[in-house]
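One structure is given here, and the rest of the page talks about it.
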Amino acid sequence: MIRLEKRPSPSRFWAGITPILAVIATMIVGGVMFWFLGKDPLEAIRTIFWDPLFHETFGPYSRPQLLVKAAPLILIAIGLSLGFRAGIWNIGAEGQYIVGAICGAGMGLAFYPTESVLIFPAMVLAGAFGGWAWAMIPGILKTKFGTNEILVSLMLVYVAESWLASVSQGLLRNPDGMGFPGSRNFKDFPAAHNAEIFANSGMHWGVVTAFIAVIFAYVLLSRHMLGFQVRLTGEAPRAARFAGVNPTRLVLFCLGISGALAGMAGMFEATGPASQISIDFNSGYGFTAIIVAFLGRLNPIGILLAGLLMALTYIGGELAQLMLGLPAAAIQMFQGMLLFFLLAMDVLSNYRIRLTRKEATT
Amino acid sequence: MTETATVDALLTLDGLRKAYPGVVANDNVSFEIKPGEVHALLGENGAGKSTLVKMIYGLVKPDQGSMVLNGEPFAPANPAAARASGVAMVFQHFSLFDALNVAENISLGMDNPPHPRELAARIREVSQAYGLPLDPDRVVGDLSAGERQRVEIIRCLLQDPKLLIMDEPTSVLTPQEVEILFHTLRKLTAEGTAILYISHKLEEIRALCEHATILRHGQVVDTCDPREESARDLAEMMVGSTLHVPSRETVEPGEVVLVVDKLDLKSATEFGTDLKQVHLEVRAGEVLGIGGVAGNGQDELLGALSGEALAPGAITLKGEDVGHLGPNARRERGLLTAPEERLGHSAAPDMSLTENALLTGAVRENLTQRGFLKWHATEDFARKIIKDFDVRTPGPDNAARSLSGGNLQKFVIGREVLQRPDVLVVNQPTWGVDASAAADIRQALLDLAHHGAALIVISQDLDELMEVADRFTALNEGHLAAPVPTRGLTVEDIGLMMGGMAEDAV
Amino acid sequence: MNLDQINPILLIASLMVAATPILLAAIGEAVVEKAGVLNLGVEGMMITGAVVGFAIGVNSGSPVLGFVAAAIAGAALSMLFGFLVLYLLSNQVATGLGLTLFGLGLSSLIGKPYEGMKVPTLAKWDIPLLSDIPVLGPILFNHDPMVYVSLGLVAVVWYVQKSTRAGLILRAVGENHDAAHALGYKVIRVRLMAIAFGGACAGLGGAYVSLVRVPQWVEGMTAGAGWIALAIVVFASWRPWRVLLGAYLFGGITVLQLNLQAAGVAIPVEYLSMSPYIITILVLVVISTRGKHGAPGSLGRIFHASH
Numbered sequence: 003m004i005r006l007e008k009r010p011s012p013s014r015f016w017a018g019i020t021p022i023l024a025v026i027a028t029m030i031v032g033g034v035m036f037w038f039l040g041k042d043p044l045e046a047i048r049t050i051f052w053d054p055l056f057h058e059t060f061g062p063y064s065r066p067q068l069l070v071k072a073a074p075l076i077l078i079a080i081g082l083s084l085g086f087r088a089g090i091w092n093i094g095a096e097g098q099y100i101v102g103a104i105c106g107a108g109m110g111l112a113f114y115p116t117e118s119v120l121i122f123p124a125m126v127l128a129g130a131f132g133g134w135a136w137a138m139i140p141g142i143l144k145t146k147f148g149t150n151e152i153l154v155s156l157m158l159v160y161v162a163e164s165w166l167a168s169v170s171q172g173l174l175r176n177p178d179g180m181g182f183p184g185s186r187n188f189k190d191f192p193a194a195h196n197a198e199i200f201a202n203s204g205m206h207w208g209v210v211t212a213f214i215a216v217i218f219a220y221v222l223l224s225r226h227m228l229g230f231q232v233r234l235t236g237e238a239p240r241a242a243r244f245a246g247v248n249p250t251r252l253v254l255f256c257l258g259i260s261g262a263l264a265g266m267a268g269m270f271e272a273t274g275p276a277s278q279i280s281i282d283f284n285s286g287y288g289f290t291a292i293i294v295a296f297l298g299r300l301n302p303i304g305i306l307l308a309g310l311l312m313a314l315t316y317i318g319g320e321l322a323q324l325m326l327g328l329p330a331a332a333i334q335m336f337q338g339m340l341l342f343f344l345l346a347m348d349v350l351s352n353y354r355i356r357l358t359r360k361e362a363t364t
Numbered sequence: 029m030t031e032t033a034t035v036d037a038l039l040t041l042d043g044l045r046k047a048y049p050g051v052v053a054n055d056n057v058s059f060e061i062k063p064g065e066v067h068a069l070l071g072e073n074g075a076g077k078s079t080l081v082k083m084i085y086g087l088v089k090p091d092q093g094s095m096v097l098n099g100e101p102f103a104p105a106n107p108a109a110a111r112a113s114g115v116a117m118v119f120q121h122f123s124l125f126d127a128l129n130v131a132e133n134i135s136l137g138m139d140n141p142p143h144p145r146e147l148a149a150r151i152r153e154v155s156q157a158y159g160l161p162l163d164p165d166r167v168v169g170d171l172s173a174g175e176r177q178r179v180e181i182i183r184c185l186l187q188d189p190k191l192l193i194m195d196e197p198t199s200v201l202t203p204q205e206v207e208i209l210f211h212t213l214r215k216l217t218a219e220g221t222a223i224l225y226i227s228h229k230l231e232e233i234r235a236l237c238e239h240a241t242i243l244r245h246g247q248v249v250d251t252c253d254p255r256e257e258s259a260r261d262l263a264e265m266m267v268g269s270t271l272h273v274p275s276r277e278t279v280e281p282g283e284v285v286l287v288v289d290k291l292d293l294k295s296a297t298e299f300g301t302d303l304k305q306v307h308l309e310v311r312a313g314e315v316l317g318i319g320g321v322a323g324n325g326q327d328e329l330l331g332a333l334s335g336e337a338l339a340p341g342a343i344t345l346k347g348e349d350v351g352h353l354g355p356n357a358r359r360e361r362g363l364l365t366a367p368e369e370r371l372g373h374s375a376a377p378d379m380s381l382t383e384n385a386l387l388t389g390a391v392r393e394n395l396t397q398r399g400f401l402k403w404h405a406t407e408d409f410a411r412k413i414i415k416d417f418d419v420r421t422p423g424p425d426n427a428a429r430s431l432s433g434g435n436l437q438k439f440v441i442g443r444e445v446l447q448r449p450d451v452l453v454v455n456q457p458t459w460g461v462d463a464s465a466a467a468d469i470r471q472a473l474l475d476l477a478h479h480g481a482a483l484i485v486i487s488q489d490l491d492e493l494m495e496v497a498d499r500f501t502a503l504n505e506g507h508l509a510a511p512v513p514t515r516g517l518t519v520e521d522i523g524l525m526m527g528g529m530a531e532d533a534v
Numbered sequence: 051m052n053l054d055q056i057n058p059i060l061l062i063a064s065l066m067v068a069a070t071p072i073l074l075a076a077i078g079e080a081v082v083e084k085a086g087v088l089n090l091g092v093e094g095m096m097i098t099g100a101v102v103g104f105a106i107g108v109n110s111g112s113p114v115l116g117f118v119a120a121a122i123a124g125a126a127l128s129m130l131f132g133f134l135v136l137y138l139l140s141n142q143v144a145t146g147l148g149l150t151l152f153g154l155g156l157s158s159l160i161g162k163p164y165e166g167m168k169v170p171t172l173a174k175w176d177i178p179l180l181s182d183i184p185v186l187g188p189i190l191f192n193h194d195p196m197v198y199v200s201l202g203l204v205a206v207v208w209y210v211q212k213s214t215r216a217g218l219i220l221r222a223v224g225e226n227h228d229a230a231h232a233l234g235y236k237v238i239r240v241r242l243m244a245i246a247f248g249g250a251c252a253g254l255g256g257a258y259v260s261l262v263r264v265p266q267w268v269e270g271m272t273a274g275a276g277w278i279a280l281a282i283v284v285f286a287s288w289r290p291w292r293v294l295l296g297a298y299l300f301g302g303i304t305v306l307q308l309n310l311q312a313a314g315v316a317i318p319v320e321y322l323s324m325s326p327y328i329i330t331i332l333v334l335v336v337i338s339t340r341g342k343h344g345a346p347g348s349l350g351r352i353f354h355a356s357h
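Chains as they are written, first to last, in this note's numbering: chain A, 3 to 364; chain B, 29 to 534; chain C, 51 to 357.
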C-alpha cells in the first residue's frame, strides 16, 4: 500500500526538480501519443525540442521566434502568478490581452498617419490601461459583491472576442482595405509599429518589457512587503488579515497588474508580430500562460524558463506540422499534458511517499 | 498491569502499541473497563489518549496487542464495526455537519437508521428521558456548543451502547451544563453502560470516575481510584514531575489603557456569534480574564480588538479612538493580539519562522524600509524569539507547521510579548499545549503585566483564568458580563456568568 | 427588422433544446460540488464528450451509441481529474483548468477528420395525443429523448439528495469531510463517484451539442457552455430545481438573441452574441450579493486523512 505522509516543511529539492520530471514524463507519454498517430516518436520529439534551436536550416529562422512567442507568455504569466500566489484566480487573461490590444492599437490608429515619438509610449499605456480596466471588472465585482472572479473573468473572454470581431469589422477596420476585416497594417505606420529593435533578433519592446516584468516580480516577491503580503494571502488568508493585509486592495492589485501586463502583451503582439488587429490575431496566449505560470512554479525565474520552453513547443509544433504532418492540436494536448504531470508531481514536494503494510493503513 | 482478563470485564486491552513515523503514540497499553463504571483516561496533550480511543473505535489499527470485548476478541476494522459491537464515541471536534439538521446528523452516525419520521420521534423521546432536550429539525450550525454536544450524545445513546467513549466532553460546557451531563452519565452507568472518560480536568474526574488509567508518553504509568487521590497527586502522576505554578506579584493597577464601549459587531462567518453591546476596561498592569464556552463570541471579540474587524468609535486606546484602524495601525499604537488558531491565523503554517516573525513584527520592530524587507533584521528577531522563549526548533528557516503545538504557541506569544505591547489580547493561549509550555506561557504573560502592560486573556480553561486573572468576566451569546475581581469567586458565580445570568450573580 | 418572424411557441420549444447541454453539465457539476469538489474542467469534459459522441455517432450510425460513448469519455476524463485531486492532492482549481485545456486539445485532435461530416441525429419523440395539445404540445411534448433524460436526471438528483441515505452521505462528505471520515464514511470513494457522474453528465451535454443541437463537429463548439454550467450551479445555490431554472433562463436568452439576430434587429450581431455572457455575469453578481448561502462547507478543500 502506498500512503502519503505530509512533510514537516515543503521540500525545496522536489519543488525544483518536479518541473523537469514533468517535462520528461510529458515527452515520454507524448512520444507514445505521436507513435499512435503514426509518427516516429523520437523524430517528433527531436523536431519539437531540438530542431527549432539547432537545425541548420530552421534554426536561424526559429531562434528569434523563440523570443517573439515567449514574450507574451512570460508577460502574462508573471501577472497571473502574482494572483495565483494570493489565491486570486484570473482565468480571463485572454480577454485582457484582446482588450489591451484593441485599446493600444486603437490609440495608435487614432493618430494615423502622424509620426511622433510619443505615439508608441502612449499606445503602451493605452494597452496596459485596457487590460487593467478589463481585469478591474472581475476585481470590483469580487471586492464589492463577492462575485467569483474565475467565472466573471472567463465570461469576459467571450465578450472580448465578440468585441474584437466587432471592431475589426467596424471601428478599427482599415479604411483602405477594400472592406476586408482587419485594421491597417502597423508595418505601414512606423511610429506605431512595434518593430524589432535589432534586425532578425526577435527582440521587440514586448520582449524587453517581459524581462523587466520578470525582474520586477522577482524583487517584489522576495524583497518587498507587498510581495510578502501576496504570498501570505495565498498561504493563509486569515493570517494575512491578521497581519494587516487589506484583502480588497490586494485583490485589485493582483488583478490590476495581471490585467495591465496581459493588455501590454496584447498591444505588443497586435502592433508587432501580428502587425494588425484582426478577428483571430489572438492565439490563446492568455490560456497557455496559465500553464506557463504553473510550470514555472509561480516563480518569476521559473516562469522565464517555462515561457521559453512553451514557446519552443509552439515553434517545434509548427515545424512538426510542416515536416511530419503532426496535427496542430497535438501540441495543445501536449501542453495540457505537461500541466497535468506537473500538478501530479507537486505531491512530491509536500508529501513523502511511504510504502506500508496493507493492514496498517486506515 | 498485565492482569488477566476477568470474566466481568467489558473491555480488556492487552499490550496495545501504535507507532507513527517518528513517534510512538502508544506502547504496551493494557487495562480493563468493567460494565457500569466510569473509567477515566487521564493524560496531558500528546500523552496518547486520542490514539488509544481511536483504536478502540476502529479508526486506527494497532500495530501490536489485542482487545477483548465481552469475552470475544475485538478488532474493529472501522467505526461501523465498533458501533455494531456496542462501542460509541462522542468526539471533541469534527464530527458534526453544520448545514445539516439534528436528525440528519444523528442518522449519519447510525448504521441502520430508522425512517426519518420515526427517528425524529425517538430523538425527542431519548433526549427527554436523559434530560437533554433537543429539536430534531434544527440546523446544527445554529446550536450552541452545549446543544451540539447533546446531538453527539443522543446519536450514541440511540445505539444502546455498552461502552461510551467521551473525549474531553466538558471543555465546551458551563459548570451548570456539566452537572446536567454528569447526571445523564450517572443514569447511564446505573443502567449498566460503561463510560471511558477522557479528560485532563482533575476535579471532574475526581467527582465522576471510579477508576483512572494515567497515560504519559504513550504508556500506562499508573492506575488509581481518583476519588481517593488529591487533584495535586493526580496532576503529578500525569505530568511526572512537580508542577511549576506561575508566581505573581500583585501590582497596583495603573491608568485605564483600553476601553471598549458599546461594541456591536456582526460575525463575519455564517454560523458565528454577533457581539452585542460589549463593554470593558483594562488598566495597565492588570490581567482581565474572559471565560465562556467556545463559540460565544470569543473569536469575534479578538477580531474586533486586533483590527481584523473594524468597530469605529467603540475602541479607545490610551484616549485615542482606534476602532476604525486596521491591525498594523493598532500595533503601531501598542495594541497587540494573539488569536486562538495557531495554524493559519496567528501563524502561516507553510512559511518559515522568520517570515512568521515578520507577520506581526514588521511595524514595531522596524523590519521594513520604504516597503522593502530587512531580512537580516527579521531573522534576528525570529532568533531572539526562539532563544528567549525556548522554542524547540532547528532554526528560523523551519516552517511553522513543523513545530509542535506548544513550541509554536511559545513562538507566537513570544513574538507579541517581545514587541513590548501596551495592551496584549490573547485567545486560548495554552490550548492544546503541554503542561510545561503552558506554565511558561502563563509566566510570560504575568511578567508582561508586571512590567505594566494591560492584558486580556480569553480562555475556556477556568483554572487558567483563576491563576492569571485579576478580574474575571465571561462571554455568553455575544454579551459580556460586568467584570468582577477573581479573588473570592466561586464556581457557582462563574457558572452563572458563563450562562448569561451575571446580573443575578453579582 | 421583422420581429413578427419570432414565433413564441417555437422560441420556448427551442429554448429547451438550447438549455439541455448546459442543464446536463450543470446538474452533474452540482452533484460534484455537493460532494465538496470543485471541478473547473466541465468545458474540457463537454468538448471531449462532443467529439467522442460525434465520432461514435458517425462511425456506428447510432446517435444513442454516441451518447453512451460521450458519457463514458466524460467520465474517463473526469477520473483523471479525480485521481489528481483525490489521490495526489493537487490544487482543484489548477487541475480543473488543466483538464479544460487538455480536453480542448484532445477534442480538436480527435475531431480533425470529422470536420464537415454529417451525423444521424436523434429523432424527436412525437408523443401521441399530448403533442397535439395546442401550445403546450409543441412546447413540452415534441422533443428528442435527451431533453426528457435531462429533466429526469434533475428529478433523480433532487430525490436522491433529499430523501435517500446515499444523498445524505454525499451531502455530509461535501459539508465536512473530516467529520464524515471520522464517522467511517469513505470520503474519497464518494467523491470519486460524484466526479465520475459529473464527468458523464458533462459528456452527455457536449454530445447533445454535436449530435442534436448543431449537429456537426466544429472545433471549440461548446463555446464556454461548460463555464456557464459552472455559473449556473452557483446561481442555483446547489439546488437541482434551481439548476433547471437557471439553465432554462440561460437557454431562453441564447435562443432569443439568435432569433433577434435572424430577425435582423438593429443591434450588431457581435453585441447580441456577447449578451448571454454579460447576462451570466449580471446574474452572478445578483446572486453573490446574497452571500454564500448553501455552498458546501468543504468545497474546494483538499482532503488528506492523516491518522
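Built from N, CA and C at the ideal position, the CB exists for glycine as well.
Does any C-beta atom of chain A lie closer than 8 angstroms to the C-beta of B:His-404?
No - not a single Cβ of chain A is within 8 angstroms of the one on B:His-404.
Can a CB atom of chain B be found closer than 8 angstroms to the CB of A:Asn-301?
Not an interface residue.
Alpha carbons only, please: which of B:Pro-424, B:Pro-142 and B:Leu-387 is nearest the one belonging to B:Leu-364?
Nearest option by C-alpha distance: B:Leu-387.
For B:Ser-334, return the contacting residues in chain A, with the cut-off set at a CB-CB distance below 8 angstroms.
What B:Ser-334 touches in chain A: Phe-244.
Is A:Ile-121 close to the ligand GDP? I mean its beta-carbon at under 7 angstroms from any heavy atom of the ligand.
Looking at this structure, you won't find the ligand GDP or any other ligand, since it has none at all.
Which residues does DSSP pair with B:Leu-101 in a beta bridge?
Sequence inspection shows Pro at residue 101 of chain B; the Leu mentioned does not correspond to that position. DSSP, once it has assigned bridges, lists B:Val-96 as partnering B:Pro-101.
From B:Ala-296 to B:Pro-422, what distance separates their C-alpha atoms?
Whole-angstrom Cα-Cα distance: 38 angstroms.
Determine the direct distance from the alpha carbon of B:Leu-395 to that of B:Ala-405, and round the result to whole angstroms.
Cα to Cα, B:Ala-405 sits roughly 6 angstroms from B:Leu-395.
Considering only their Cβ atoms, is the gap separating B:Ile-193 from B:Ser-118 smaller than 8 angstroms?
Here residue 118 of chain B turns out to be Val, not Ser, going by the sequence shown. For B:Val-118 and B:Ile-193, yes; Cβs fall inside 8 angstroms.
Counting only Cβ pairs nearer than 7 angstroms, list the residues of chain A close to B:Leu-209.
Correct list: empty, because the minimum Cβ distance to chain A is about 30 angstroms.
Are the Cβ atoms of C:Arg-289 and C:Gly-86 separated by less than 8 angstroms?
No, the pair does not count as a contact, with Cβ atoms beyond the cut-off.
Since A:Glu-45 is in the alpha helix (DSSP H), which residue starts that stretch and which ends it?
That run of the alpha helix (DSSP H) goes 43 to 51.
If you reduce the DSSP assignment to three classes, tell me which class B:Asp-491 lands in.
B:Asp-491: helix per DSSP, three-state reduction.
The beta strand (DSSP E) spanning A:Ile-100 covers which residue range?
Looking at the DSSP string, A:Ile-100 is not in any beta strand (DSSP E); the run it does join, the alpha helix (DSSP H), is 95 to 112.
Chain A beta carbons: is any one of them nearer than 8 angstroms to that of B:Phe-400?
Closer than 8 angstroms: yes.
Listed in chain order, which residues of the stretch 226 to 243 of chain A have Cβ atoms closer than 7 angstroms to some Cβ of chain B?
Those residues of the stretch 226 to 243 of chain A that come within reach of chain B (Cβ to Cβ, closer than 7 angstroms) are His-226, Met-227, Leu-228, Phe-230, Leu-234, Glu-237, Ala-238, Arg-240, Ala-241 and Arg-243.
Who does B:Ala-502 pair with in a DSSP beta bridge?
DSSP, once it has assigned bridges, lists B:Gly-319 as partnering B:Ala-502.
Take every Cβ of the stretch 318 to 325 of chain A, pair it with every Cβ of the stretch 135 to 148 of chain C, and state whether three or more of those distances are shorter than 8 angstroms.
Touching, no.
Cβ of A:Leu-118 less than 8 angstroms from any chain C Cβ?
In the sequence as displayed, the identity of residue 118 of chain A is Ser instead of Leu. No, no contact with chain C.
Take A:Val-209 and list the residues in its own chain whose beta-carbon comes closer than 7 angstroms to its own, dropping the five residues that flank it on each side.
Leu-69 and Ala-73, listed in sequence order.
What residues are listed by DSSP as bridge partners for B:Arg-244?
The partner list for B:Arg-244 (beta bridge, DSSP) reads B:Gln-247.
Would you kindly check if the distance between the Cβ of C:Leu-130 and the Cβ of C:Leu-149 is under 8 angstroms?
Their beta carbons are under 8 angstroms apart, which means C:Leu-149 touches C:Leu-130 by this criterion.
If you reduce the DSSP assignment to three classes, tell me which class C:Ser-325 lands in.
Reduced to three states, the DSSP call for C:Ser-325 is helix.
Please classify B:Leu-271 as buried or exposed, where buried requires at least 16 neighbouring CB atoms within 10 angstroms.
Caution is warranted here: a pLDDT of 49 is assigned to B:Leu-271, below 50, making its placement in the model unreliable, and no coordinate value can be reported.
Which of the three DSSP states, helix, strand or coil, is assigned to B:Ser-447?
At residue 447 of chain B the sequence reads Gln, which differs from the Ser that was named. Of the three classes helix, strand and coil, the one that applies to B:Gln-447 here is coil, per DSSP.
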